[in-house]
Structures are given as C-alpha cells and as structure tokens.
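Heads up: the structure comes next, in structure tokens.
Residue numbers (the working numbering): 35 to 977.
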C-alpha cells in the first residue's frame, strides 16, 4: 500500500484571499454587464473547485487518509461557497444600508456541517435570518442557489428564522440532527450563536432519552432497508450496517448528550477509552477513503460497493494479490473487519450510556429505549461472578475471566440456556479478555464440553455463536474458524461472508432439528431424530468452509485437515474426528451428484453409494447439504434442488436397505424395473391407449416422475404422434419452477432448437430430462424460472401456453422469432474474470460420455453448447443445468450417432476446443465499453 501522506494546508490548494481578489477583479472588469460578471465569476469558481477536487483525488490515490480527503473537499467547498456569498452580497446584490431584517447567516448543516464531504455529496445549507424573508434576502438566496447549481452542486437548502428552526427541531428528529451538526460558514455571527444557544436550551436540554431512542429506531429501519447483516458482500458504505452512518449515529448521540465545540473527531467525552477512540478514528478514516474512491471512480454519489467496483477500489487503495488470496478479497476482508469493529464500538457505547442511565433495560442487545430511570435489579446467579440485570446477563468484571478462563465460554452458555441478552459491559469485558484463551484452554476437556453444549445442545446456536464471533471469542477458541471471519468470496453466488454463511447454516440445522422447517425440508426434518452423531453434524457445519481461510491445498482437503486439527484439540474420539473430516471433505458431493449427474442412471447411484458407505453418513450428508445450500443467500435454495436431493437420497437409501451396496447397480436396476412395472400397470388401467407408449419407455423414466406427471407425459406423447409435436406447460409450486413437457419425433439438433426457443422467451432453464422411447419419440422435460427466480409464467397465464406453442414449432424445425434478451446486470458481471473449462468423463456412466462445460453465464449459452454438441454429431440423452452466480456449469450425457460413448481421442479434443470457443465468446462480449477502464479480478470458484 502507498505510504501515508501528511495533511496539506488548505491555502496551498485553494487560496481564499486570491480567489476573492479574482472575483472582485472580474466584477469590476465587467461592470454594468451582470450576465458577464456572473459568467466570469462562475468560471473562476469552477476552476478553483476543479483544482481542489483533483488535488484531493491525487492525494487520496497516493496514500492520503479518508478523513483528510473528506475535510479537504469540505474546506475547498467552504472557500468556494463563502467566496460566492461575498461576491453576491458585495458586487451583485448589495444592501447599501442593511436593516435588521436583512441580516443573514449562511450555515452548513448535515454531513457538510461536520466538516466532511465526499466528492459528489449533496450540499446541505441553511440560510438563517432573524425575521420573515425580505426581498433583499430572497434575491441573495436565489442568486446563490442558481450559481451553486450551475457549479454542479446538488443543494439541499432551507431558509428559516431562528424561531422556525427551534420549532421544527422539536417536531422532527432529522431537522434536529442537521442543526446539531450545523456550523457557520459566513454572514452574521450573532444569528449563528443565538441559534446554537436556543437550540441547546430549548430543544436539547432534557430530551436525551427520546433522541437516543429516535436515532436507534432510525438506525434499525435504515439497516433493514440496506440489509440487516453487516456481512452482505455488496455493502452500502454509507447506509449499511457497520458503515459510516452507524459511526455518525454514535457521534450524534454523544454530541447530543455531551455537547462539545469539536467537529473534527470523537467528542471530548469519557464515554470512550483511548483504544475505542483509536478504533473509531481508524474505522472512520477507512470508510471515508472507500467512499471517496467510490465517488471519484464512478463520477457520481455511489454509496454501494458493488462487485464491478470492488476490484478497482482495491487497486486504488493499494491492495495486491498474495498467493491464493486475491487483492479484492483482501480488501473486502479488511472492509468487513472494520464493519465488525463498528459493531463492537456500538456495544461499548451502549455500555457507557447504560452507566449514565439514559435508557431502560432493552428487549434486545444494544436497543436504546426511552423511559424513566430504574433502580438496579441485579440478581446473582448460581454461578459465581455472574448476575442477571434487567433481562441481561452481566459479570462482576474482567477479573471473572482472569480467575477462570472457562468463564469466558460459560458467559455465552449461560446466556443461551437462560435466553438472556448480554449486558454491554459483559460483552466489552469479554472482548478485552481474549488473551485468557490460550493453547492450554483450547485443549481443556472442560472447555470443549462447554463449547459443544453451546454448538450442538444450545437453544439458539446461531445467535450465541454470532455473539461469540462478534466478541472475538469463537475465532480465538477455534483458530480455524478465526481464519474465515470476515472472509469474502469474490463471486455473485454467495450473499454473505464465509463466517456469516457458516453461522446461518448452523441456524438452519437447528431449525431442522426443532422441526421448524418441515414444510420446506420434510426429508431432512424426518431424518434428524435418526441421526446419532448430532455434535458431529454441527461441528462439520462449523468447520466445512475452513479450507477457504487461505491455507494451502484445495478447499475440501484443506478444510478436512483443519477440521481434524480442531477436533483433536477438542478431544473427540478418533472415529468422530474421522467422520467430521469426511463430512467436511465431501460436503459438496451430494449436491454435485444431484445437480450435475443423471440420478436415474444406476451408475450414478452406485458411485454415490460407494462414496458414502453407510446410512448414517448418508443422513448426515443430506442435512449438511440442505443447510449449506439454504444459507448461501436468498433465492439459492428452491424446490427443484430439494427434489433432486430427495430423489438421490431415496435411491441410495434403497441400496442400503437391500444390503447389497457392493452391487448397487443391480439393486437400482431392480428397483427401477419393479417401479416401472407397477406404474405401467396403473397407467394402462387408467388409459389403455397409453399401453404401447408405456412399454416403449425405459424403466429409468418411471422412477423419475410421479403418477400424475407420467399421465400428463403420456397424453402429450400421444398427441405428438397425431400432430407431429406437442407441448404442455404448468407451474409446479412444489419445485418453485414451471414444468414444460415436449414430445416429438427424435432428430439431430432437437434439444438445441428447443433450448433456443426457451431462451428467446426469456425463461431460464433450471434442469432438463431427456428420454427417447424405443419407437424413436423424444420426450424432453424442462424446468423453468423467470429472471426473478420464480416459476416461469406464475404471474402471466398466457406465458406458458405461448411458450408451449413456440416449442411445438421448434420441434417441427421452425426457427423461433426474436433474439435472446440481453442480461440486465452486464456491468456487474463484467468485473469477474472467468476461466472457462470443459471436462469430459467416460467413466461415470456406463452408456454415455459426460461433458461438463463451465463458463460465464449468459442468455443463449445452453443453446450454443447444445448446438455445438449437435454439430459434432452427438445426441444429448440427459442435461443438467446449474449456475453459481456469474458462472454456469452445464453437464450433458451424450452419445454418438450409433448410440455409443465418444472415445476417439481426436473427436474428444475437437469437441473440447469447440466448446471452449463457445465459452470464450462470453468473455469477449462480457465487458461493456463504459466499464473497460475498471479493474477486473478472478472470480472465486469456491462454493
């Protein structure tokens, strides 16, 4: 990172005296021509403003701090605004003999009033007058506002008397806060001082509690809008949790309760110790630097640190790649650690307020509520050193942890068992006592027992472990977890940092165990009572992503090594250590088999059973997989994925029940044959005309669908025999997708033509099942969603019938009308550098070659890949579509024209090159010209 620059003097950037002299000269040179006077003045001010901003930008890029940059920009703006005021009142609209009513004071309020300003922030101004507005004052204000707008400022302004300010401040907390931060820029000093005095005496005095409550309610609502977690991977630097507004809230409350004359840092209070003040300033400086870079990079007041901007901001702030740790992920981890520090500051601040009796006992941690003072209702607990006070758990002091380090874990265990919030003082004491967690304590069996009770036996492990993480205790006690705290993965698949995702996944397992997710995950809920090693399950979930913590080796193997080390310290028996390590190493396998492989293929099930080996592992892996996917982010889990996992589980469980895991292929085929015979008999009984079709379909088809679906498929297929092609679509609420069935005579390029028609419609393919009867009729079943992740056509009754007609036409060989829609978030995805890959596997299936293509997701990709396979003379027998944010992974089971695997080396090489060419097209077209100058970064492929 660049060395820190020393602050510069404002007069070296914008000389206010010289600026006013230039304005006076311009006014005199163009005397008598007001339009020319104004034009010249604006040109002079624009040059001064531009010079100031460019110097601030250059200094920022060369190591100047965020606070210094914000103050420099504010100082430059001060000089421009006050010079404009002087020019206006001296040369343009001068009051020769000003009356009492023509007195005027120009004040900065809001963020500008604090003396800090981002490059493209709004300019909040208050024109303060003693009485009602006169014609002279109105002319001055109007002239200044038009000039400021012409200078490019977005001005928020008000013209009020002191009486109006006081009255409105009593009624509106936003106005009250803006006046709290006000400072005089120029004009009548007595007016500014009178407002300050009356504001303190008539508004602030005696209203501390209500102001605290209002500001914290406002904070909660703001964070709910911006995203409740401070670990969302596209944070809002200004409004998000752990951002600048949280620090401003602390500042406002401190200033309101203990007014000071300072605006350049933390108020002079005893609320913070030296360490907290340094943390405050460090966080403030970093966040201001990020915000300033955001504004300068985009040329607008951009407050959200989106994916397309993250690599560029990382570069500008001096971050570089280190081994397997990209610059963008290093930068974002720093951001989230700062956000974590802001959360800790909030709790420390709450503790200080508690000591001053500003609030009642809260309903939740750090909730400040108004109310009368209450007498202490401290109640000692049966554990020495702990007490309950106002519905919260407290400690006598840090000495409780020094006397017995296990008390640091007991603090969270007791809070969980008794359903108590932590007192802010207790939280602060825990944060400052992390040094008591030593290597000896990590290997203490008593400590392990307490920790495992919190993790696997607690009432609300997600909440408790989150508190432990915020306090730094969890990362200190389990260093493997500590390495992933605030770790971000640079891709669009994950919505949270690695630690936040992990803790949410633990919460999902706890909800499954409690039966709260029976509707969403009926199988997982039914299996939990059968799982014997619940502590193993929770430990595996806690440690499943520790391989992402910058350690050497692949994610899964590195995670397994980390899990072994952690479990050995905890003193687990060897068998449990092996089981935790196995689950961590293979935690992605079940989703890969379910989503990327044909689970109706007996070989797929056999390979999976060979990997899993025991029914207990199967149950553990199912629950672990469900929780892992669900905790990735909103909309990632859906009914389609749930059905795939349930189908795979059912097939594997049937093999274990048969007691012939060593001959799984035969077991699966027998199961398919029995199921097919039973379903064929029922189908023929209900519809005798469907008999021939049912006999022509392979056995594996009947285990993949329910009786009602098969009846629909039979009807569509019979209609296709008469009409040449037939299609039908309907919404499957249980799968969160629309199911679209197409039947037609099989031919080359059929799947590619159908895929193109779907792409043109704007639908997104979740998955596809392809079958060909012995009569040569193809039956393709597609599962579709719209761009919002909802079933395609769920809110448009004409969409599915229209698409069915288009698919019938495509099946007959008629080209679809129209082009695929352009992606809406092209700019965001352009930040990711994605390396395409093609894997070809001739071992995982007995009857087909598996081709897996991974690259940048885009409309038309499935069509392009399918067309390439068709041009190679290959038939698609099964297709499995998956996406991970910006990256698509599509797997195809293909055979040659004779129905055999593709084995010739020359053919496989040509196929791989052709598919890579298709995938690379996405890289050449992904970057819009407007973003060409921004830095890119390699997309993380970790899941």
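Ideal Cβ placement from N, Cα and C applies to all residues, glycine included. Quantities reported herein were computed from a predicted structural model and do not represent experimental measurements.
Just to confirm the assignment, what range does the alpha helix (DSSP H) spanning residue i have?
i: residue 502; result: 495-505
i: residue 560; result: 556-561
i: residue 217; result: It is not in any alpha helix (DSSP H) - residue 217 instead sits in the beta strand (DSSP E) that spans 217-221.
i: residue 47; result: 44-47
i: residue 536; result: 532-547
i: residue 754; result: 741-757
i: residue 785; result: 784-795
i: residue 448; result: 441-451
i: residue 491; result: 479-491
i: residue 569; result: 568-577
With a threshold of 16 other CB atoms inside 10 Å of the CB of residue i, please say whether the residue is buried or exposed.
i: residue 452; result: exposed
i: residue 318; result: buried
i: residue 886; result: buried
i: residue 25; result: Since the first residue shown for the chain is 35 and the last is 977, residue 25 is missing from the structure and cannot be characterised.
i: residue 269; result: buried
i: residue 830; result: exposed
i: residue 258; result: exposed
i: residue 400; result: Confidence at residue 400 is low in this model, with a pLDDT of 43, below 50, so its placement is unreliable and no value can be given for it.
i: residue 235; result: exposed
i: residue 43; result: exposed
i: residue 560; result: exposed
i: residue 166; result: exposed
i: residue 641; result: buried
i: residue 976; result: buried
i: residue 527; result: buried
i: residue 619; result: buried
i: residue 447; result: buried
i: residue 108; result: buried
i: residue 582; result: buried
i: residue 223; result: exposed
Would you mind stating whether residue i and residue j have Cβ atoms separated by less than 8 Å?
i: residue 111; j: residue 157; result: yes
i: residue 571; j: residue 514; result: no
i: residue 449; j: residue 427; result: yes
i: residue 839; j: residue 760; result: no
i: residue 162; j: residue 203; result: no
i: residue 330; j: residue 153; result: yes
i: residue 824; j: residue 800; result: no
i: residue 802; j: residue 915; result: yes
i: residue 454; j: residue 481; result: no
i: residue 277; j: residue 321; result: yes
i: residue 917; j: residue 524; result: no
i: residue 546; j: residue 661; result: yes
i: residue 679; j: residue 648; result: no
i: residue 557; j: residue 673; result: no
With residue i as the anchor, note down where its beta strand (DSSP E) starts and where it stops.
i: residue 140; result: 139-142
i: residue 71; result: Unbroken run through residue 71 is the alpha helix (DSSP H), 68-95; no beta strand (DSSP E).
i: residue 811; result: 811-819
i: residue 805; result: 798-806
Check whether the Cβ of residue i sits closer than 7 Å to any heavy atom of the ligand HEM, and report yes or no.
i: residue 193; result: Ligands displayed in this structure: none; no statement on the ligand HEM is therefore possible.
Kindly indicate which residue of the options has the alpha-carbon position closest to the one of residue i.
i: residue 216; options: 618, 150, 49; result: 150
i: residue 692; options: 704, 907, 898; result: 704
i: residue 284; options: 267, 308, 259, 245; result: 245
i: residue 634; options: 791, 686, 594, 71; result: 686
i: residue 95; options: 324, 738, 946, 867; result: 324
i: residue 574; options: 500, 655, 481, 485; result: 655
i: residue 69; options: 126, 100, 209; result: 126
i: residue 763; options: 715, 827, 736, 812; result: 827
i: residue 142; options: 180, 537, 189; result: 189
i: residue 121; options: 181, 420, 794; result: 181
i: residue 496; options: 535, 40, 335, 675; result: 535
i: residue 953; options: 939, 867, 196; result: 867
What does residue i pair with, by DSSP beta-bridge criteria?
i: residue 163; result: 195
i: residue 420; result: 429
i: residue 189; result: 157
i: residue 413; result: 422
i: residue 928; result: 883, 910
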